[in-house]
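By numbering that gives the first Met the number 0, the letter at position 59 of the sequence shown is numbered 58, and the numbering carries on one by one without gaps.
Even glycine gets a Cβ: it sits at the ideal position worked out from N, Cα and C.
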Amino acid sequence: MIIRPLTVYEREAVRDFYLALVPDDRRKRFCCSLSDETISSYVDRIDFSRDTILAAFDERAQIIGLAELVRGAGAGEMAFSVLPDRRGQGIGTVLLEKLLMRAKICGIRKVFVIFLSDNTPMRRMATRAGMTVSTVDGESHAEREMSAASAEDLTRWIIEDGLSRSGYFGTLGIAHWGSLLNPCANASPEPPKTPVPVA
Ligand SMILES: CC(C)(COP(=O)(O)OP(=O)(O)OC[C@H]1O[C@@H](n2cnc3c(N)ncnc32)[C@H](O)[C@@H]1OP(=O)(O)O)[C@@H](O)C(=O)NCCC(=O)NCCS
0 MIIRPLTVYE REAVRDFYLA LVPDDRRKRF CCSLSDETIS SYVDRIDFSR DTILAAFDER
60 AQIIGLAELV RGAGAGEMAF SVLPDRRGQG IGTVLLEKLL MRAKICGIRK VFVIFLSDNT
120 PMRRMATRAG MTVSTVDGES HAEREMSAAS AEDLTRWIIE DGLSRSGYFG TLGIAHWGSL
180 LNPCANASPE PPKTPVPVA
């Protein structure tokens, strides 16, 4: 599975992912029921240069999970969504681990996530990641302080980020990209020429 940060050019993929969620999954993700219009305007406001939108891709380069880290004044807010048929396979946990690392690299000193109190998978993910969970009026809040990034963290992030990008292009098919860049590669081969004798 490839996991990498999305760029501003992938806003429509984020929109498609969220709009495809059924009402109950929208409620779990956003802690309230949202119409298509509200989701769409939320996606329009995503700031890809300030915030981190991590996507998990399947082998057909389709997004199967999204994780967001939105930078606030004193802390970063995280949020997660994995497609229903891909849940329970550890994707949410990997997205959380990568987002925590991203927060560290960005110098964010505290992260939190808000979820409905009956959301067992999110609670388990947060607890396992060392977050402290508190609940008020049916809504849970999990938070964790972040240590400063070490040189080792930074190196690991750069290597993993680079590998995920190369892996992504691999999933799209290097051959396909090659043929776009070099259309002649698809043309029918010329018949072999009779060798010209060297004088
Ligand atoms: C929360 C969510 C992202 C988790 O994604 P996931 O890929 O299923 O997560 P994982 O497979 O890593 O599982 C996380 C934990 O939940 C547990 N879990 C998974 N599905 C479960 C289920 N149906 N019931 C109970 N526990 C479950 C796993 O066992 C794991 O716990 P563990 O680490 O103690 O073993 C996913 O359920 C989801 O998209 N939910 C809708 C959106 C949402 O709730 N977002 C959170 C608020 S922002």
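Is the beta carbon of residue j closer than 7 Å to that of residue i?
i       : j       : result
Ser-116 : Thr-92  : no
Lys-109 : Ala-148 : no
Measure the C-alpha to C-alpha separation of residue i and residue j and round it to an integer number of angstroms.
i       : j       : result
Ile-1   : Thr-154 : 19 Å
Val-81  : Gly-64  : 4 Å
Ala-150 : Arg-49  : 22 Å
Ala-94  : Gln-61  : In the sequence as displayed, the identity of residue 94 is Leu instead of Ala. Each residue's alpha carbon lies about 16 Å from the other.
Asp-23  : Ile-157 : 36 Å
Lys-192 : Gly-161 : Confidence is the limiting factor: at Lys-192 the pLDDT is only 48, short of 50, which leaves the residue's position unreliable and the question unanswerable from this model.
Ala-78  : Arg-70  : 12 Å
Ser-139 : Asp-15  : 27 Å
Thr-6   : Ala-12  : 10 Å
Glu-96  : Ala-128 : 8 Å
Arg-25  : Ala-72  : 26 Å
Gly-106 : Glu-144 : 11 Å
Suppose the cutoff is 7 Å on Cβ atoms and the five residues either side in sequence are ignored; what does the same chain contact list for residue i look like?
i       : result
Ser-163 : Ile-1, Ile-2 and Arg-3
Asp-152 : Met-100, Lys-103 and Ile-104
Considering only residues of the same chain and omitting the five flanking positions on each side of residue i, which have a CB-CB separation below 6 Å?
i       : result
Ala-141 : Val-112, Ala-125, Met-130 and Val-132
Leu-33  : Arg-25
Ile-90  : Ala-55, Gly-64 and Val-81
Near residue i, what residues of its chain come up, given a Cβ to Cβ distance below 8 Å and the 5 sequence neighbours on each side ignored?
i      : result
Leu-18 : Asp-35, Ile-38 and Ser-39
Arg-10 : Val-42, Asp-43, Ile-45 and Phe-47
Drop a sphere of 10 angstroms on the beta-carbon of residue i, count the other beta-carbons inside from all chains shown, and report buried for 16 or more, exposed for fewer.
i       : result
Tyr-8   : exposed
Ala-174 : Unreliable placement is indicated for Ala-174, whose pLDDT of 44 sits below 50; the coordinate value is still reported in the next sentence. Burial call: exposed.
Ala-66  : buried
Ser-146 : exposed
Val-21  : exposed
Thr-51  : buried
**Prompt:** Is it a yes or a no for the region 81-91 touching the region 41-52, going by three-plus beta-carbon pairs under 8 Å?
**Reply:** At 8 Å Cβ cutoff, the stretches do not touch.
**Message:** Using 8 Å as the cut-off, can you tell me whether the region 21-29 makes contact with the region 46-63, which would need three or more C-beta pairs spanning the two stretches below that distance?
**Reply:** No, the region 21-29 is not in contact with the region 46-63.
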